[in-house]
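Asks: One structure follows; several queries about it will come next.
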Amino acid sequence: MDLHLSQNIRRFRKEHHLTQEQLAEAMGVTLGAVYKWESGQSTPELRLLVELADYFGVSTDILIGYQMQHCSVESLLRDLNRCREKRDYKEAVPSVKKALQKYPNHFEINYTCALLLTQMAEDRNCTTDYEAALIQLNRACTLIDQNTDNSVSEFSIRNKMAQIHFQLGHTDICLEMLKKYNSCGINDAQIGCILADCYHRTEEASVYLQHAFSQILMDLDNVVTGFTTVLFQKKEYDTLISSIEWLRTVLRGGESKDTVTWFQKYECVLLAIEAEIFCKTGNDPQAKEKLMEAAVLAQHFDAASGCDIHMPGLLQAFGAEENHYMSYGKTAFEATERRVLTDAEVVPKLPVIWAEVQKKVLPE
Numbered sequence: 003m004d005l006h007l008s009q010n011i012r013r014f015r016k017e018h019h020l021t022q023e024q025l026a027e028a029m030g031v032t033l034g035a036v037y038k039w040e041s042g043q044s045t046p047e048l049r050l051l052v053e054l055a056d057y058f059g060v061s062t063d064i065l066i067g068y069q070m071q072h073c074s075v076e077s078l079l080r081d082l083n084r085c086r087e088k089r090d091y092k093e094a095v096p097s098v099k100k101a102l103q104k105y106p107n108h109f110e111i112n113y114t115c116a117l118l119l120t121q122m123a124e125d126r127n128c129t130t131d132y133e134a135a136l137i138q139l140n141r142a143c144t145l146i147d148q149n150t151d152n153s154v155s156e157f158s159i160r161n162k163m164a165q166i167h168f169q170l171g172h173t174d175i176c177l178e179m180l181k182k183y184n185s186c187g188i189n190d191a192q193i194g195c196i197l198a199d200c201y202h203r204t205e206e207a208s209v210y211l212q213h214a215f216s217q218i219l220m221d222l223d224n225v226v227t228g229f230t231t232v233l234f235q236k237k238e239y240d241t242l243i244s245s246i247e248w249l250r251t252v253l254r255g256g257e258s259k260d261t262v263t264w265f266q267k268y269e270c271v272l273l274a275i276e277a278e279i280f281c282k283t284g285n286d287p288q289a290k291e292k293l294m295e296a297a298v299l300a301q302h303f304d305a306a307s308g309c310d311i312h313m314p315g316l317l318q319a320f321g322a323e324e325n326h327y328m329s330y331g332k333t334a335f336e337a338t339e340r341r342v343l344t345d346a347e348v349v350p351k352l353p354v355i356w357a358e359v360q361k362k363v364l365p366e
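Those letters in the sequence shown? Residues 3 to 366, by our numbering.
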């Protein structure tokens, strides 16, 4: 064990711009006592160690320079993670045993051991490994206050435990945990799948699956919108066009273009984005073609009454809601124009082309 108490007392005293005499007065000891501390001839008693640490605003570990535990933990974690990366399960078993014996109350040790045991169980299809992983995940939950990783929480750990219970055939326990720790509907899809597949509770399953699908639609919109910005900034225009066309195909849900669906208002927005890309790359004719398609589609949508507008059959079966696409504007034309004007400073020709298209499409 390598301690640096004498050097640290001297260092912290100088950092606080104190003389040995001033420190002695603050601690209520003699000047000779401070001299002996700093020269290593003696060490402060426990009460004074605590007072010194508090005076310098550091922990007692830092004051005495105790680093053995930190280094040992880091070394063990490196060994455990190396076993995971290399799938070295022969070395993993003694590494887990050693780590848990030495630091049974350390969150990261317990959690990393649990991840390694889970991986071992999956690769070896071993019930014993799964059960051991459950023990460590549960132990990690009791130590969660030590956790500093924002991507890990008790909810995420409990859901990992639910997956293991499913692998072990404990379907009831798995379902109960997935429902209990279903924050923001994160487990809706799996809950619905289990209810339908394992219990044949179709009505209950449909509720969860529909909620999950609605969330997927929102996530899909956000992902494509986000990638639209990323790909545009990276000038990967072909990939961007392909992603938008893919999304249009998916959300059309197999319906013909003659069927008026709630999705078409959003499709007008997507067409305007495509037009913007073509305009940006100097392909004005293609930009005009996309805006013309958007204008005709918008006119068709806005002319329909509410009862004549449908949700694509497949999307409706999966529980998509029409109000998901209502936030883009009161009318499809308004939604399209809003998108055209969004980046007018970047693509100034686009509003000009849009004005020409409106003159052709809209009645005088």
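We put the beta carbon where it would ideally sit given N, CA and C, even for glycine.
None of the values given here were measured: they were computed from a predicted structure.
So, with DSSP's three-state summary, where would you put H108?
Replies: Coil.
Asks: So is L136 buried or exposed if we call it buried at 16+ other beta carbons inside 10 Å?
Replies: By the 10 Å Cβ count, L136 comes out buried.
Asks: Would you kindly work out how many angstroms separate the C-alpha atoms of F335 and V225, rounded to a whole number?
Replies: Rounded to whole angstroms, F335 to V225 spans 24 angstroms at the Cα level.
Asks: Please classify V232: is it buried, with 16 or more other beta-carbons within 10 angstroms of its beta-carbon, or exposed?
Replies: By the 10 Å Cβ count, V232 comes out exposed.
Asks: For L364, count neighbouring C-beta atoms within 10 Å of its own C-beta (all shown protein chains included) and say buried if the count is 16 or more, exposed if not.
Replies: L364 is exposed by the Cβ-count criterion.
Asks: For T283, collect the residues of the same chain with a Cβ closer than 6 angstroms to its Cβ; drop the 5 residues on either side in sequence, then sort them by chain order.
Replies: Here the set comprises Y239.
Asks: Could you tell me which residues DSSP puts in a beta bridge with T263?
Replies: H312.
Asks: Tell me the rounded alpha-carbon separation between R13 and T21.
Replies: Cα-Cα distance, rounded: 11 angstroms.
Asks: Do the region 191-198 and the region 209-218 touch if we need at least three Cβ pairs shorter than 8 angstroms?
Replies: Output reads yes: the region 209-218 touches the region 191-198.
Asks: Could you pull out every residue in the same chain whose Cβ sits closer than 8 angstroms to the Cβ of Q138, ignoring the five residues on either side in sequence?
Replies: Contacts found: L102, N112, Y113, C115, A116, L119.
Asks: Is the distance from the Cβ of L48 to the Cβ of N10 below 7 angstroms?
Replies: No, the pair does not count as a contact, with Cβ atoms beyond the cut-off.
Asks: Which residue wins for smallest C-alpha separation from F109, given the options E291, D151, E257, T263?
Replies: Of E291, D151, E257, T263, the residue nearest in Cα terms is D151.
Asks: Tell me whether T204 sits in a helix, a strand or coil according to DSSP, three-state version.
Replies: Correct three-state label for T204: helix.
Asks: Can you give me the Cβ contacts of R341 inside the same chain, cut-off strictly under 6 angstroms, excluding the 5 residues immediately before and after it?
Replies: Contacts found: V271, A274.
Asks: Could you say if the region 79-92 and the region 52-60 meet the contact criterion of at least three C-beta pairs nearer than 8 angstroms?
Replies: Contact between the region 79-92 and the region 52-60 is absent, because fewer than three Cβ pairs lie under 8 angstroms.
Asks: Compute the Euclidean distance between the alpha carbons of K99 and C143, then round it to the nearest angstrom.
Replies: For K99 and C143, the distance between alpha carbons rounds to 19 angstroms.
Asks: Label T230 either buried or exposed according to how many other C-beta atoms from any shown protein chain fall within 10 Å of its C-beta, with 16 as the threshold for buried.
Replies: When all chains shown are included, T230 counts as buried.
Asks: Using the C-alpha atoms, what's the distance from A277 back to W356?
Replies: Those two C-alpha atoms are separated by around 10 angstroms.
Asks: Look up E276 in the DSSP assignment and say whether it is helix, strand or coil.
Replies: It is helical.
Asks: Would you identify the three-state DSSP class for H302, choosing helix, strand or coil?
Replies: Helix at H302.
Asks: Count the other CB atoms within 10 Å of the CB of G59; is the residue buried (16 or more) or exposed (fewer)?
Replies: It is exposed - the Cβ of G59 has fewer than 16 other Cβ atoms within 10 Å.
Asks: Among residues of its own chain, excluding the 5 on either side of S245, which ones have a beta-carbon nearer than 8 angstroms to its beta-carbon?
Replies: Excluding positions up to five away in sequence, the list reads V226, F229, T230, L233.
Asks: How far does the alpha helix (DSSP H) with Q169 in it extend, from its first residue to its last?
Replies: Segment 156-169, the alpha helix (DSSP H) holding Q169.
Asks: Just to confirm my understanding: we take F221, look at its own chain, exclude 5 residues before and 5 after, and list those with CB closer than 7 angstroms. What are they?
Replies: Sequence inspection shows Asp at residue 221; the Phe mentioned does not correspond to that position. Taken in chain order, the list of residues that qualify is empty.
Asks: Under the three-state reduction of DSSP, which class applies to D151: helix, strand or coil?
Replies: Reduced to three states, the DSSP call for D151 is coil.
Asks: Tell me where the alpha helix (DSSP H) around N140 begins and ends.
Replies: Looking at the DSSP string, the run of the alpha helix (DSSP H) that includes N140 is 129-144.
Asks: Give the DSSP-derived three-state secondary structure of R284 in the structure shown.
Replies: Strictly speaking, residue 284 in this sequence is Gly, with Arg absent from that position. In the structure shown, G284 sits in coil (DSSP, three-state: anything other than H, G, I, E or B).
Asks: In whole angstroms, what separates the C-alpha of T173 from that of R160?
Replies: Their Cα atoms are separated by approximately 15 angstroms.
Asks: Please report the residue range of the alpha helix (DSSP H) in which R80 lies.
Replies: Residues 70-88.
Asks: Could you compute how far the alpha carbon of C128 sits from the alpha carbon of L177?
Replies: Cα to Cα, C128 sits roughly 22 angstroms from L177.
Asks: On the CB-based measure, 16 or more other CB atoms within 10 Å of its CB, does Q148 come out buried or exposed?
Replies: Result: exposed.
Asks: Does the distance from the C-beta atom of L145 to that of A164 stay below 7 angstroms?
Replies: For L145 and A164, no; Cβs fall outside 7 angstroms.
Asks: Could you check if R80 is buried or exposed, using at least 16 other CB atoms within 10 Å of its CB as the buried criterion?
Replies: That one is exposed.
Asks: For the alpha helix (DSSP H) containing T241, list its first residue and its last residue.
Replies: Taken as a continuous stretch (DSSP letters only), the alpha helix (DSSP H) holding T241 covers 239-254.
Asks: Note down, in chain order, each residue of its chain lying with its Cβ closer than 6 angstroms to the Cβ of E422, except the 5 sequence neighbours on either side.
Replies: Past the boundaries of the shown model lies residue 422; the chain is included only from 3 to 366, so the question cannot be answered.
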